[in-house]
């Protein structure tokens, strides 16, 4: 066990509840370590239900394409904790080294003095230390959960507040209705700070607009103040200032048009706008692992039927399920292939809401346990939820056994299948680790 892993395991024991939304513990530890949150580069603060990671990835890509240096904070990680903290370097950002991370964690652990604090709070404090001590032009800061009481919401005046698509998720912490969830996300808005919002349902838009008006935060609304759509194989972005003819994003799925447009509008609301060239370059270079990622090599590919497509996506709520279903419906229009799912899911998620979107698209679902989380549903339990949506399903034991079973089932197919590993970022991380394709 390395030093970083040992420290992370100790920190997991500091607070009996993994999620306990509050800012008091966060402000206490930040005071104890010298308030690094006051010495950060300009912050793009990103909240939402779906699309946070992709929007953050676009912002990073656009900024780096314009020659800016960028820190990035995201969660959760897929394989290694270091993935959460990307530090700017002259040659391009890199995940924080184990040595630098261990040092920052030790300093936070010493300053905390065994006081109760959640794992996310103390590791976020360590990230702020690292971001404050390494120069950069900007920081893309992704909210962990919610917004109003999230540990990242100690930033007093971000460059821009960004709210991605909002739908039902994390109801046990954020509330069981969209109005309540929207109000929690709107908690990142700050007086006088520009806010940019993705297209939303009417109820969500009203809640966030009202909060922005109360705070005096100028707000730019997707679908109203800016829009993006595909035309002749290109992405057209339009707002009050500009009309842009751009290449389609390399991240698959039409839902990525909205994420890319949100990032473009966000950049335009900041001091960092530098023209369309950086946006074009960023759209071609953006990287975001385990979000509609097609695997092209590795041991898992070798276990698939010949000429199969193997896809990976960590989305886990009904909104993500709907987005994935649209992607595979579009792929099927281009080339029809039988679709098989290998699915795992945490017990905090809504399986029926996720899988119901795939009705009529999926040949068979094999459920598997998630070995990297104690909160994973059993394969048998998840199988019951899948079948309740009308899909054919059976429980499996491992990713390898599931791929083997699909190979058996696909022998009757006239064409090689598409296979999607889905339902959880934890399962996506397990798949990347087993395939030897760890994010860089």
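In our numbering, the protein residues as written are 243 to 682.
No residue lacks a Cβ here, since even glycine has one placed at the ideal position from N, Cα and C.
Looking at the unbroken alpha helix (DSSP H) that takes in residue i, where does it start and where does it end?
i           : result
residue 667 : 667 to 677
residue 354 : 340 to 354
residue 469 : Careful: residue 469 lies outside any alpha helix (DSSP H), inside the beta strand (DSSP E) at 468 to 473.
residue 701 : Nothing about residue 701 can be reported from this structure: the residues present for the chain run from 243 to 682 only.
residue 649 : 641 to 651
residue 424 : 420 to 427
Once DSSP output is grouped into helix, strand and coil, what is the label at residue i?
i           : result
residue 656 : coil
residue 535 : strand
residue 304 : helix
residue 436 : coil
residue 514 : coil
residue 412 : Note on residue 412: pLDDT 47, under 50, position unreliable in the model; the coordinate value appears next. Three-state result, residue 412: coil.
residue 393 : coil
residue 489 : strand
residue 594 : helix
residue 546 : coil
residue 287 : strand
residue 662 : strand
residue 521 : helix
residue 569 : helix
residue 334 : coil
residue 357 : coil
residue 482 : coil
residue 682 : coil
residue 383 : strand
residue 476 : strand
residue 322 : coil
residue 558 : coil
residue 528 : coil
residue 496 : coil
residue 388 : coil
residue 458 : coil
residue 277 : coil
residue 504 : helix
residue 431 : coil
residue 256 : coil
residue 262 : coil
If I follow the unbroken beta strand (DSSP E) through residue i, where does it start and stop?
i           : result
residue 579 : That residue, residue 579, is in no beta strand (DSSP E); it is neither H nor E in DSSP.
residue 328 : 327 to 329
residue 249 : From DSSP, residue 249 is part of no beta strand (DSSP E) but of the alpha helix (DSSP H) over 245 to 253.
residue 463 : 461 to 463
Name the DSSP beta bridge partners of residue i, please?
i           : result
residue 317 : In DSSP, residue 317 forms no bridge with anything.
residue 603 : Residue 603 pairs with nothing; no bridge assigned.
residue 635 : 607
residue 553 : 536, 662
residue 446 : DSSP lists no partner for residue 446.
residue 407 : 292
residue 618 : 588
residue 312 : 380
residue 402 : 286
Can you list, in chain order, the residues of its chain with a C-beta nearer than 6 Å to that of residue i? Leave out the 5 residues immediately preceding and following it.
i           : result
residue 246 : 340, 343, 344
residue 346 : 368, 371, 372
residue 518 : 486
residue 311 : 330, 378, 379
residue 471 : 478
residue 429 : 389, 390
residue 460 : 436
residue 457 : 431, 433
residue 317 : 326, 386
Under 8 Å Cβ to Cβ from residue i, same chain only, skipping five residues before and after it: list those, please.
i           : result
residue 445 : 420, 421, 424
residue 599 : 560, 563, 564, 566, 567
Take residue i and list the residues in its own chain whose beta-carbon comes closer than 7 Å to its own, dropping the five residues that flank it on each side.
i           : result
residue 314 : 298, 302, 328, 335, 382
residue 413 : Note that residue 413 has pLDDT 49, beneath the 50 cutoff, so the model's placement of it is unreliable and the number below is only indicative. So the list is empty, once near-sequence residues are dropped.
residue 338 : 324, 327, 329, 372
residue 415 : Reliability fails at residue 415, whose pLDDT of 46 lies under 50, so the model's placement of it is uncertain and no value is given.
residue 549 : 658
Exercise. Can we say the region 279 to 299 touches the region 374 to 388, given the rule of at least three CB pairs closer than 8 Å?
Worked result: yes
Exercise. Do the region 662 to 673 and the region 581 to 599 meet, that is, are 3 or more Cβ pairs less than 8 Å apart?
Worked result: With the cut-off at 8 Å, the region 662 to 673 and the region 581 to 599 touch.
For this session: Could you tell me whether the region 457 to 467 touches the region 426 to 446, where touching means 3 or more Cβ pairs closer than 8 Å?
Result: yes
Problem set entry | the region 522 to 538 in contact with the region 552 to 568 per 3-pair CB rule at 8 Å | yes
Exercise. Between the region 384 to 404 and the region 500 to 512, are three or more C-beta pairs nearer than 8 Å?
Worked result: Put simply, the region 384 to 404 touches the region 500 to 512. At least three CB pairs are less than 8 Å apart.
Exercise. How about the region 613 to 624 and the region 636 to 655: do they share at least three Cβ pairs that are nearer than 8 Å?
Worked result: In this structure the region 613 to 624 lies against the region 636 to 655, because at least three pairs of beta carbons, one per stretch, are closer than 8 Å.
Problem set entry | Three-pair Cβ contact test at 8 Å for the region 391 to 400 versus the region 260 to 269 | yes
Exercise. Should the region 611 to 618 be regarded as contacting the region 643 to 656, the criterion being three or more beta carbon pairs within less than 8 Å?
Worked result: no
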